[in-house]
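Asks: Residue numbers (this note's numbering): 3 to 246. Idealized CB from N, CA, C, for every residue including glycine.
#1: What first and last residue would you give for the alpha helix (DSSP H) that runs through residue 150?
#2: For residue 92, which residues from the same chain have a beta carbon less than 8 Å from its beta carbon, with the 5 sequence-adjacent residues on both sides left out?
#3: Using a 10 Å radius around the Cβ and a threshold of 16 neighbouring Cβ atoms, would you call residue 199 buried or exposed?
#4: Quick one, are the C-beta atoms of residue 232 and residue 51 less than 8 Å apart?
#5: Between residue 84 and residue 136, which are expected to be in contact by the criterion C-beta below 8 Å, what is the C-beta distance as a whole number of angstroms?
#6: Applying the criterion that 16 or more other CB atoms from any shown protein chain within 10 Å of the CB defines a buried residue, is residue 245 buried or exposed?
#7: Helix, strand or coil: which one does DSSP assign to residue 16?
#8: Around the Cβ of residue 186, are there at least 16 other Cβ atoms within 10 angstroms (buried) or fewer (exposed)?
#9: Verify whether the separation of the beta carbon atoms of residue 30 and residue 160 is less than 8 Å.
#10: Once the 5 residues before and after residue 138 are set aside, which same chain residues still bring their CB inside 8 Å of it?
#11: Which value, in whole angstroms, describes the spacing of the CA atoms of residue 154 and residue 26?
#12: Hey, residue 9 and residue 42: beta-carbon distance below 8 Å or not?
#13: How is the alpha helix (DSSP H) around residue 116 delimited, first residue to last?
#14: If you compare alpha carbons, which of 163, 69, 208 and 206 is closest to residue 34?
#15: At which residues does the alpha helix (DSSP H) containing residue 179 begin and terminate?
#16: Which whole runs of the alpha helix (DSSP H) in the stretch 119-154 are 4 residues long or more, in chain order?
#17: Measuring CB to CB, does residue 196 end up less than 8 Å from residue 172?
#18: Using C-beta distances below 7 Å, list every residue in its chain close to residue 146, excluding the 5 sequence neighbours before and after it, in chain order.
#19: Return yes when the C-beta of residue 230 is under 7 Å from any heavy atom of the ligand FAD, and no when it is not.
#20: Using three-state DSSP, classify residue 208 as helix, strand or coil.
#21: Nearest-angstrom Cα distance between residue 207 and residue 73?
What follows is the structure, given as structure tokens:
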């Protein structure tokens with residue numbers, strides 16, 4: 003028998019629905035982790051391609067790690083805060099519309115559920131039931147008319163998740179240089195990180211873990227290879243002064 007993701011007894015269902023949906027920060031972790039590893043390794047590969055010293059690799063890599071990580075976290079904070087503010091704005095809009103034009107809002111409910119296949123007396127009972135409870139009525143409009151999610155994400159948690167993942171995964175390409183290694187060791191460590199991130203995110207996907215891992219691995223190393231070629235090309239164009 004296939005294993006189910008959660009129980010289906012009356013008590014289990016009641017407990018789960020009462021708690022409501024949890025906000026997910028998985029995308030923040032995945033996005034931050036991939037970007038941290040990609041951008042830091044791109045810096046490492048670009049500097050290595052230009053044949054610059056280990057100290058330059060570490061300085062530029064750490065600078066990128068902190069500056070770009072903070073920038074991404076700040077951007078994610080602002081973006082998530084905008085989502086939260088949009089929800090509050092539309093909530094106020096629907097409250098005002100229900101108060102001022104209730105018949106128009108009832109007609110919206112009627113058309114929404116008619117589009118789902120309800121008709122006649124069944125449809126009218128649904129409309130009467132939903133519009134009899136104003137908070138439920140407004141919530142239905144937010145979900146059905148605007149497509150807003152029931153769970154709202156915290157800007158602080160989203161930003162913290164992005165920065166933590168960016169920093170931890172972005173540190174990987176630099177560790178080999180900190181312990182006396184070089185580009186080959188950094189490439190291997192970063193490749194494993196890309197594959198690990200991809201494999202881990204498959205837990206929330208229908209894609210097999212190996213395919214997800216390989217996809218992320220190829221995307222990450224592709225970006226790094228491009229940076230290496232840019233650095234190598236600039237060294238060839240600028241000559242010895244680029245490495246000096």
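Replies: This is what the structure gives:
#1: For residue 150, there is no enclosing alpha helix (DSSP H), as DSSP marks it with neither H nor E.
#2: Closer than 8 Å at Cβ, skipping near neighbours: 144, 148 and 150.
#3: A buried status is given to residue 199, since no fewer than 16 other beta-carbon atoms sit within 10 Å of its beta-carbon.
#4: Taking C-beta atoms as the reference points, residue 232 and residue 51 count as a pair closer than 8 Å.
#5: The Cβ separation is near 27 Å, so there is no contact.
#6: Per-residue confidence for residue 245 stands at a pLDDT of 47, beneath the threshold of 50, marking its modelled position as unreliable; the derived number appears in the next sentence. So residue 245 ends up on the exposed side.
#7: In the structure shown, the three-state DSSP call for residue 16 is helix.
#8: Exposed.
#9: Yes, the Cβ-Cβ distance between residue 30 and residue 160 is below 8 Å.
#10: Cβ within range, chain order: 132.
#11: Those two C-alpha atoms are separated by around 9 Å.
#12: Taking C-beta atoms as the reference points, residue 9 and residue 42 fail to come closer than 8 Å.
#13: Segment 104-116, the alpha helix (DSSP H) holding residue 116.
#14: Among 163, 69, 208 and 206, the Cα nearest to that of residue 34 belongs to 163.
#15: For residue 179, the uninterrupted alpha helix (DSSP H) segment begins and ends at 177-180.
#16: Restricted to the stretch 119-154, the alpha helix (DSSP H) segments that are unbroken, complete and at least 4 residues in length are 122-133 and 136-148, listed in chain order.
#17: Contact check for residue 196 against residue 172 fails: the beta carbons are separated by 8 Å or more.
#18: Excluding residues within five positions, the ones whose Cβ falls inside 7 Å are 114.
#19: Ligands displayed in this structure: none; no statement on the ligand FAD is therefore possible.
#20: If DSSP states are grouped into helix, strand and coil, residue 208 belongs with coil.
#21: Going from the Cα of residue 207 to the Cα of residue 73 covers about 28 Å.
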